[in-house]
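Numbering (the working numbering), first residue to last: 1 to 262.
Just so you know, even glycine gets a beta-carbon here, dropped at the ideal spot from N, CA and C.
Below is one structure, written out as structure tokens; comments come after it.
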Amino acid sequence: MIRITVANQKGGVGKTTTAINLATALAAIGWRVLLVDLDPQGNASTGLGVTRDQRLRSSYDVLIGEATVVETVVATRVPRLDLVPATVDLSGAEIELVDLSHRTERLSRALAEVPDDRWDVCLVDCPPSLGLLTLNALVAAQQLLVPLQSEFFALEGLSQLLQTVERVRQGINPSLEILGVVLTMFDRRNNLSQQVAEDVRACLGPVVFHTVVPRNVRLSEAPSHGLPALIYDLKCPGSEAYVRLAREVMGRLARLKEAEAA
Ligand code: ADP
Ligand code: MG
Numbered sequence: 001m002i003r004i005t006v007a008n009q010k011g012g013v014g015k016t017t018t019a020i021n022l023a024t025a026l027a028a029i030g031w032r033v034l035l036v037d038l039d040p041q042g043n044a045s046t047g048l049g050v051t052r053d054q055r056l057r058s059s060y061d062v063l064i065g066e067a068t069v070v071e072t073v074v075a076t077r078v079p080r081l082d083l084v085p086a087t088v089d090l091s092g093a094e095i096e097l098v099d100l101s102h103r104t105e106r107l108s109r110a111l112a113e114v115p116d117d118r119w120d121v122c123l124v125d126c127p128p129s130l131g132l133l134t135l136n137a138l139v140a141a142q143q144l145l146v147p148l149q150s151e152f153f154a155l156e157g158l159s160q161l162l163q164t165v166e167r168v169r170q171g172i173n174p175s176l177e178i179l180g181v182v183l184t185m186f187d188r189r190n191n192l193s194q195q196v197a198e199d200v201r202a203c204l205g206p207v208v209f210h211t212v213v214p215r216n217v218r219l220s221e222a223p224s225h226g227l228p229a230l231i232y233d234l235k236c237p238g239s240e241a242y243v244r245l246a247r248e249v250m251g252r253l254a255r256l257k258e259a260e261a262a
């Protein structure tokens with residue numbers, strides 16, 4: 001199971017939208033996908049139409065060791081896409097985890113127990129902070145995907161995230177790699193968006209995905225219907241961008257696999 005964490009400590013940059021729609025695109029081409037909602041706000045869970053009543057167990061239980069991943073998953077309306085939902089309990093986890101052993105490895109250990117043939121890929125949607133929840137997600141992942149909002153302060157905070165990645169890599173999880181950076185909420189008619197995209201590419205180089213996710217109201221409407229945009233409106237520009245992003249992600253994963261085998 002390939003493990004990809006979607007993180008950026010800024011809120012509202014498109015992490016959850018990216019996690020949901022990338023997960024859906026990968027499921028649509030036949031991958032069995034596990035999405036772990038690690039944000040106490042539970043936006044990925046709500047956005048996938050998983051009601052509070054269905055969240056009998058949650059990522060909180062997994063982190064504190066009260067339940068296994070397999071016991072916690074709920075099926076979503078998307079075939080082949082399963083979810084470990086989040087509940088508000090998770091907001092206490094940042095504090096509760098401090099007193100537990102292996103506090104940054106809780107998710108990693110829980111995912112290691114999952115039978116390897118159950119899912120092909122696991123995506124983790126992070127909260128907007130660099131606290132213990134995001135650390136758990138970074139320790140659990142082989143790949144990091146960073147959404148950046150196409151606005152003036154896009155790169156602000158990125159160095160802090162990359163420093164955290166470097167610490168995790170030098171410490172507990174040397175296999176953590178940066179899969180890519182994706183620009184979100186791009187406005188073609190806005191010069192600032194264009195300028196930001198150019199700056200980000202100049203600064204970060206080829207790690208930035210070719211695919212840019214446009215600002216598209218359909219992407220923001222979909223969660224209120226409990227559906228990924230890809231199902232709510234497959235033909236909208238936002239959905240089309242996420243299909244392209246999924247292709248790029250698969251291409252990069254395949255190349256990494258080849259490099260590993262060589
Ligand atoms: P995060 O998880 O990083 O906090 P979200 O994915 O929840 O960010 O996005 C923040 C808000 O912006 C949400 O209301 C979401 O529906 C909306 N949104 C995300 N991406 C886009 C986009 N490309 N176009 C328009 N709205 C978007
Ligand atoms: Mg979110």
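Taking only three categories from DSSP, how would you classify residue i?
i      : result
Ile172 : coil
Gln142 : coil
Ala75  : strand
Leu97  : helix
Asp53  : helix
His225 : helix
Cys122 : strand
Ile4   : strand
Asp37  : strand
Gly180 : strand
Gln9   : coil
Thr87  : coil
Asp117 : coil
Leu155 : coil
Does the Cβ of residue i have 16 or more other Cβ atoms within 10 Å, making it buried, or fewer, making it exposed?
i      : result
Leu56  : exposed
Thr51  : exposed
Arg188 : exposed
Gln149 : buried
Pro206 : exposed
Asn8   : buried
Asn173 : buried
Asn136 : buried
Taking the alpha-carbon of residue i as reference, which of the options has the nearest alpha-carbon?
i      : options                        : result
Asn43  : Leu158, Pro128, Trp119, Cys236 : Pro128
Leu83  : Ser108, Thr104, Arg103, Gln54  : Gln54
Glu248 : Ala262, Phe209, Gly238         : Phe209
Ile20  : Ile4, Ala67, Lys10             : Ile4
Val6   : Leu179, Val78, Asp117          : Leu179
Arg167 : Arg255, Leu219, Val139         : Val139
Gly226 : Lys257, Val196, Thr46          : Thr46
Val196 : Ser220, Tyr232, Glu156         : Glu156
Leu161 : Leu144, Arg252, Thr87, Ala254  : Leu144
Ser220 : Asn8, Met1, Gly12, Ile2        : Gly12
Val165 : Arg215, Pro115, Ala141         : Ala141
Leu234 : Trp31, Ile2, Leu22, Met1       : Leu22
Pro115 : Arg32, Pro228, Leu230          : Arg32
Val212 : Ala112, Val182, Ile64, Ile2    : Val182
Looking only at its chain, what residues have a beta carbon closer than 6 Å to the beta carbon of residue i, apart from the 5 residues adjacent to it on each side?
i      : result
Arg169 : Leu176
Ala277 : An answer regarding residue 277 cannot be provided, because it is not within the stretch 1 to 262 covered by the chain.
Leu34  : Asp82, Trp119, Cys122
Val243 : Ala25
Val78  : Thr24, Ala27
Pro223 : Gly47
Ser108 : Val139, Ala140
Short of 7 Å in beta carbon distance, which residues of its chain neighbour residue i, apart from the five on each side in sequence? Order them along the chain.
i      : result
Ala67  : Arg57, Asp61
Lys10  : Pro128, Gly157
Ala75  : Asp82
Asn216 : Cys236, Pro237, Gly238
Asp37  : Ala44, Ser45, Ser59, Leu83, Val84, Pro85, Ala86, Asp125
Leu97  : Leu63, Arg103, Arg106, Leu132
Cβ of residue i within 6 Å of any heavy atom in ligand 4?
i      : result
Arg218 : As for ligand 4, it is missing from this structure, which binds only ligand 1 and ligand 2.
Between residue i and the rest of its own chain, which residues show a CB-CB distance below 8 Å, the 5 nearest in sequence each way excluded?
i      : result
Thr72  : Arg57, Ser58, Ser59, Asp61, Val62, Val84, Pro85
Leu130 : Gln9, Gln160, Leu161, Thr164
Pro214 : Met185, Phe186, Asp187, Arg188, Pro237, Gly238, Ala241
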